[in-house]
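Step one of this worksheet: look at the structure below.
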Amino acid sequence: EEAALRAKLTEAAKALEALKPEALALGLKEKVAEAETLLAQGSLPNLGALQTSLEEARAKARQEALSELSRLQALAERFRGFGGEGILRAIAEEKGKPLPDPTPIARALEALKRRMEAKREELTTRLTAFFQAYARLEGFQSETGRRLRSLLPVLRSAQEKLPRLGPQGLLQVERTLGQVEALLRELEREQEAAKAVLQEIKGEDLEALLGVFDQGRTPAQAKAPEAPSPMDLEADLAPLRLPGVEVLGYLGEALPLPREPLEALVQALDQLDKSLGQTRGPAAILLGEKALVLAPRKGRILVALLEKTSLSAFLIELTS
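Pasting the structure below:
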């Protein structure tokens with residue numbers, strides 16, 4: 002009978018040793034200690050009760066882990082497109098385990114948050130650099146410049162909201178910023194090409210054109226056109242005779258502007274188009290408080306001299 006008891010005690014000790022790691026991990030330290038004390042006293046512990054407590058603790062721990070994983074999943078959804086997809090797959094895999102562990106998932110999300118803050122700092126730096134570079138090109142008139150200007154309100158709003166944006170907002174800012182940075186590089190190339198072409202224009206031609214303004218002449222003081230425009234031509238130009246427009250007509254007509262420098266400028270712009278591989282729209286040249294516009298129109302070159310303050314309205318009417 003004593004031998005049988007010893008055998009049962011040995012068997013119970015082995016069973017307790019097998020249950021002990023998980024029981025301790027699930028917070029059943031006191032119940033394990035109680036069973037070990039009974040064994041040391043030569044008494045058989047109630048391992049069935051310990052097993053029941055272990056199953057209850059296991060179910061509770063699983064439910065708590067699943068609840069935490071659901072919370073982490075909601076956070077990970079915000080990071081879709083920002084690396085969150087991998088975490089979402091890991092969460093789905095973890096939920097299938099008997100006892101899920103949210104700890105690695107939480108660490109992965111913290112790493113994504115640090116990456117998001119690094120991206121925020123990067124975008125702040127890029128936005129600052131963009132506005133500084135654009136300030137040097139703001140006066141250069143081209144189709145690329147107009148496209149760029151249309152995106153400036155979006156960028157300024159993004160710059161103001163950047164400290165408060167989440168992952169999706171940062172991704173949208175990055176996409177928009179990538180577009181405007183590409184446009185800015187294109188605008189820089191256009192400006193450099195324009196400078197190179199203008200340097201090829203003969204100095205005396207450019208001086209002759211600028212002389213119209215430097216000598217204080219006004220369109221009213223210039224000689225009148227040699228012949229009146231046909232009625233259909235006048236009707237065509239009538240919508241463009243806005244306040245501030247001082248000279249309006251087509252190259253080749255009798256205009257109160259020197260013809261040769263204008264033709265040289267048109268040739269230079271044609272070369273610029275060819276080098277950029279694009280078809281030119283209206284070109285505006287700022288000369289002090291005046292603006293000179295050269296624009297392809299109905300197979301001819303429209304020439305307009307106007308106050309700089311009227312330039313925007315004129316270009317809108319011209320391209321409408």
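Mapping of the sequence shown onto my numbering: position 92 corresponds to residue 93, and the numbering continues sequentially without gaps.
Glycine included, C-beta positions come from ideal geometry on N, C-alpha and C.
Looking at the structure shown, is G245 part of a helix, part of a strand, or coil, going by DSSP? Counted from its first residue, the sequence shown places residue 245 at position 244. Coil, per DSSP.
With 16 as the cutoff for other CB atoms within 10 Å, does L287 come out buried or exposed? On the sequence shown, residue 287 is found 286 positions in, with the first residue counted as 1. Exposed, by the Cβ-count rule.
Less than 7 Å separating the beta-carbons of M117 and P168? As a working mapping, residue 117 is identified with position 116 in the sequence shown. As a working mapping, residue 168 is identified with position 167 in the sequence shown. Taking 7 Å as the Cβ cut-off, M117 and P168 qualify as a contacting pair.
Tell me whether K32 is buried or exposed, calling it buried when 16 or more other Cβ atoms sit within 10 Å of its Cβ. Taking the sequence shown and counting its residues from 1, the one referred to as residue 32 is at position 31. The residue in question, K32, is buried, as its Cβ has 16 or more Cβ neighbours within 10 Å.
Leaving out five residues before and five after I317 in sequence, what residues of the same chain have Cβ atoms less than 6 Å from its Cβ? Your numbering for residue 317 matches position 316 in the sequence shown. So the list is empty, once near-sequence residues are dropped.
What is the rounded straight-line gap between the Cα of A60 and the Cα of P101? To locate residue 60, count along the sequence shown from 1; it is residue 59. To locate residue 101, count along the sequence shown from 1; it is residue 100. Using only the alpha carbons, I get a separation of about 11 Å.
Can you tell which of S54, L73, T11 has its C-alpha closest to the C-alpha of A26? Locating residue 26 in the sequence shown gives position 25, counting from the first residue. The shortest Cα separation from A26 among S54, L73, T11 belongs to S54.
Does K291 come out as helix, strand or coil in the three-state DSSP assignment? Reading the sequence shown from its first residue, position 290 is the one you call residue 291. In this structure, DSSP gives K291 an extended state, which the three-state scheme calls strand.
Can you give me the C-alpha to C-alpha distance between L67 and E191, rounded to a whole angstrom? Looking up residue 67 in the sequence shown gives position 66. Looking up residue 191 in the sequence shown gives position 190. Approximately 58 Å, taken between the alpha carbons.
Would you report the Cα separation of K96 and G146, rounded to the nearest angstrom? By one-based count along the sequence shown, residue 96 stands at place 95. By one-based count along the sequence shown, residue 146 stands at place 145. Approximately 53 Å, taken between the alpha carbons.
Taking just the CA atoms, how far does P244 sit from A305? Taking the first residue of the sequence shown as position 1, residue 305 is located at position 304. Taking the first residue of the sequence shown as position 1, residue 244 is located at position 243. Straight-line spacing of the CA atoms in A305 and P244 works out to 12 Å.
By Cβ distance below 8 Å, which residues in the same chain neighbour A184 in space, the five residues on each side in sequence not counted? On the sequence shown, position 183 is the one that residue 184 refers to. As written in the sequence, residue 184 is Leu, which differs from the Ala given in the question. Excluding five sequence positions before and after L184, the CB atoms of its chain that fall closer than 8 Å to its own CB belong to T145, R148, L149, L152, given in chain order.
Would A36 pass as a contact of P46 if the rule is Cβ separation under 7 Å? Mapped onto the sequence shown, residue 36 falls at position 35. Mapped onto the sequence shown, residue 46 falls at position 45. Taking the C-beta atoms as reference points, P46 is found nearer than 7 Å to A36.
Reference R121, options V155, Q142, L172, closest by Cα: What you label residue 121 is simply residue 120 of the sequence shown in a count that begins at 1. It is L172 whose Cα lies nearest to the Cα of R121.
Alpha-carbon to alpha-carbon, R176 and L20: Counting from one through the sequence shown, the residue named residue 20 turns up at place 19. Counting from one through the sequence shown, the residue named residue 176 turns up at place 175. Their backbone Cα atoms lie some 55 Å apart in a straight line.
Where do the N-terminal and C-terminal ends of the beta strand (DSSP E) with A305 fall, by residue? Your numbering for residue 305 matches position 304 in the sequence shown. From DSSP, the beta strand (DSSP E) with A305 extends over 301 to 308.
Measuring alpha carbon to alpha carbon, tell me which residue in A284, P259, E261 is nearest D271. Position 270 of the sequence shown, counted from the first residue, corresponds to residue 271. D271 has its Cα closest to that of A284, out of A284, P259, E261.
Inter-residue CB distance, E235 and L252 (contact presumed, cutoff 8 Å): Against the sequence shown, residue 235 aligns to sequence position 234. Against the sequence shown, residue 252 aligns to sequence position 251. Rounded, the Cβ-Cβ distance is 17 Å, inconsistent with contact.
So P297 and R281 are in contact, right, with Cβ under 8 Å, and what is the actual spacing, rounded? Stepping through the sequence shown from its first residue, residue 297 is reached at position 296. Stepping through the sequence shown from its first residue, residue 281 is reached at position 280. Rounded, the Cβ-Cβ distance is 6 Å, consistent with contact.
By a C-beta neighbour count over all protein chains shown, 10 Å radius and 16 as the cutoff for buried, is S71 buried or exposed? Taking the sequence shown and counting its residues from 1, the one referred to as residue 71 is at position 70. Counting Cβ neighbours within 10 Å, S71 comes out exposed, since fewer than 16 surround it.
In whole angstroms, give me the CA-to-CA distance for A13 and Q42. Numbered from 1 along the sequence shown, position 12 holds the residue referred to as residue 13. Numbered from 1 along the sequence shown, position 41 holds the residue referred to as residue 42. Looking at the two C-alpha atoms, the distance is approximately 13 Å.
Using the Cα positions of T38 and K30, report the straight-line distance between them to the nearest angstrom. Translated into positions along the sequence shown, residue 38 becomes position 37. Translated into positions along the sequence shown, residue 30 becomes position 29. If you take the alpha carbons of T38 and K30, they lie about 12 Å apart.
Ignore the nearest five residues each way along the sequence and tell me which others in E86's own chain have a CB closer than 7 Å to its CB. Residue numbering aside, residue 86 sits at position 85 when the sequence shown is read from its first letter. Answer for E86: no residue qualifies.
I'd like to know whether the C-beta atoms of L256 and L238 end up nearer to each other than 7 Å. If you number the sequence shown from 1, residue 256 lands on position 255. If you number the sequence shown from 1, residue 238 lands on position 237. No; because the gap between Cβ atoms is not below 7 Å, this pair is not in contact.
Find out if the Cβ-Cβ distance for the pair A195, L266 is shorter than 7 Å. Within the sequence shown, residue 195 is the residue found at index 194, counting from 1. Within the sequence shown, residue 266 is the residue found at index 265, counting from 1. For A195 and L266, no; Cβs fall outside 7 Å.
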